[in-house]
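A.B. asks: Residue numbers (the working numbering): 17 to 283.
Have a look at this one before I ask anything.
Laid out in structure tokens, this is it:
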């Protein structure tokens, strides 16, 4: 389905009981709503599940230029308004987790809970040249030049060897990411910092991170946990960056327990 929101066309899917609490799933850079395939089936039996393609990705518009995290948070806020969704639990991985933090700070009334996965609350100054190099490579050579390096951060070698069909699908998503979308969102990530602001958040929050995540390591998750006072943190053994796929069973167990507890509180 498609909906115009915040000046762009947004591709989304929604499933599950119409009267159930809403959960929103937000993906990583160079991903799409399809990265949540391992969660949708277990979620939609009890929850109304909204998956969407972030600006610059999948079936959503991919305008040229630098994006900001506030822009990306405003996109999903506008989509929620268009769909008449007053409040939702926001589940975000990597860049999606950054969007979730920003949304909770900009529109706390819209967020009943946060699930922040393999993400960070700030990008160190020392990482700026890395992001500049990624932007330059994608611009000059296309996404084919980014795919091997990205897959090496997202999955352990053992998982890629034992799950070729799954990782092949993810590889294809990376390759199909529009370069303007990758570049625009890379600018948003490289300038991202909300660490100090998180100390003012009190929304129930679950933080999950792959034990061996090389992109947003355990220390980055711990930094968020220490800032958000109403948070719990779970480390997923053996997983790299896309822990929702590589450690799907443990991820889903923690996710369902958190959602059940959060909704039992009536928040």
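Using N, Cα and C, we set each Cβ at its ideal position, and we do this for glycine too.
Check whether the stretch 90–105 and the stretch 33–45 touch, using three or more Cβ-Cβ pairs below 8 Å as the test.
C.D. replies: Yes, they touch.
A.B. asks: Could you tell me whether the stretch 81–88 touches the stretch 51–62, using the rule of 3 or more Cβ pairs below 8 Å?
C.D. replies: Touching, no.
A.B. asks: Measure the alpha-carbon distance for residue 278 versus residue 111 and round it to whole angstroms.
C.D. replies: In the chain shown, residue 278 corresponds to position 262, counting from 1. In the chain shown, residue 111 corresponds to position 95, counting from 1. Going from the Cα of residue 278 to the Cα of residue 111 covers about 23 Å.
A.B. asks: Could you give the DSSP three-state label for residue 219: helix, strand or coil?
C.D. replies: Locating residue 219 in the chain shown gives position 203, counting from the first residue. Three-state result, residue 219: coil.
A.B. asks: If you scan the stretch 27–108 from start to end, which runs of the beta strand (DSSP E) of 3 or more residues do you find wholly inside it?
C.D. replies: You should have 38–42 and 64–68.
A.B. asks: Where in the stretch 112–159 do unbroken runs of the beta strand (DSSP E), each at least 3 residues long, occur, reported from the N-terminal end onward?
C.D. replies: You should have 127–133.
A.B. asks: Check whether the Cβ atoms of residue 150 and residue 76 lie closer than 7 Å to each other.
C.D. replies: By 1-based counting over the chain shown, the position of residue 150 is 134. By 1-based counting over the chain shown, the position of residue 76 is 60. Cβ distance not < 7 Å, so residue 150 and residue 76 don't count as in contact.
A.B. asks: Residue range of the beta strand (DSSP E) that residue 247 falls in?
C.D. replies: Your numbering for residue 247 matches position 231 in the chain shown. That run of the beta strand (DSSP E) goes 247–252.
A.B. asks: For a test of the three-state rule: what should DSSP assign to residue 279, helix, strand or coil?
C.D. replies: Position 263 of the chain shown, counted from the first residue, corresponds to residue 279. Looking at residue 279 - three-state DSSP - the assignment turns out to be helix.
A.B. asks: Should the stretch 134–152 be called in touch with the stretch 175–194, which here means at least 3 C-beta pairs below 8 Å?
C.D. replies: The stretch 134–152, when compared against the stretch 175–194, does not touch it at the 8 Å Cβ threshold.
A.B. asks: For residue 54, which residues of its own chain have a beta-carbon under 7 Å away from its beta-carbon, when the five flanking residues on both sides are left out?
C.D. replies: To locate residue 54, count along the chain shown from 1; it is residue 38. Once the five neighbours on either side are set aside, the close Cβ partners of residue 54 are 260, 261 and 264.
A.B. asks: Going straight from the alpha carbon of residue 142 to that of residue 207, what length do you get?
C.D. replies: Looking up residue 142 in the chain shown gives position 126. Looking up residue 207 in the chain shown gives position 191. Using only the alpha carbons, I get a separation of about 12 Å.
A.B. asks: What's the call for residue 17, buried or exposed, on a 16-neighbour Cβ count within 10 Å?
C.D. replies: The sequence position of residue 17 within the chain shown is 1, counting from 1. By the 10 Å Cβ count, residue 17 comes out exposed.
A.B. asks: When we look at the beta-carbon of residue 67 and count the other beta-carbons within 10 Å, is it buried (16 or more) or exposed?
C.D. replies: Residue 67 sits at position 51 when you count from the first residue of the chain shown. Buried is the call here.
A.B. asks: Who are the Cβ neighbours of residue 153 in its own chain at under 6 Å, not counting the five residues just before and after it?
C.D. replies: Position 137 of the chain shown, counting from 1, holds the residue named residue 153. Taken in chain order, the residues that qualify are 161.
A.B. asks: Would you report the Cα separation of residue 283 and residue 51, rounded to the nearest angstrom?
C.D. replies: Your numbering for residue 283 matches position 267 in the chain shown. Your numbering for residue 51 matches position 35 in the chain shown. For residue 283, the predicted model reports a pLDDT of 42, less than 50, meaning its position is unreliable; a value from the coordinates is still stated below. Spanning the two alpha carbons is a distance of roughly 27 Å.
A.B. asks: Within the same chain, show all residues whose beta-carbon is closer than 7 Å to that of residue 178, passing over the 5 residues directly before and after it, in chain order.
C.D. replies: Here residue 178 refers to the residue found at position 162 of the chain shown. Hits under 7 Å: none found.
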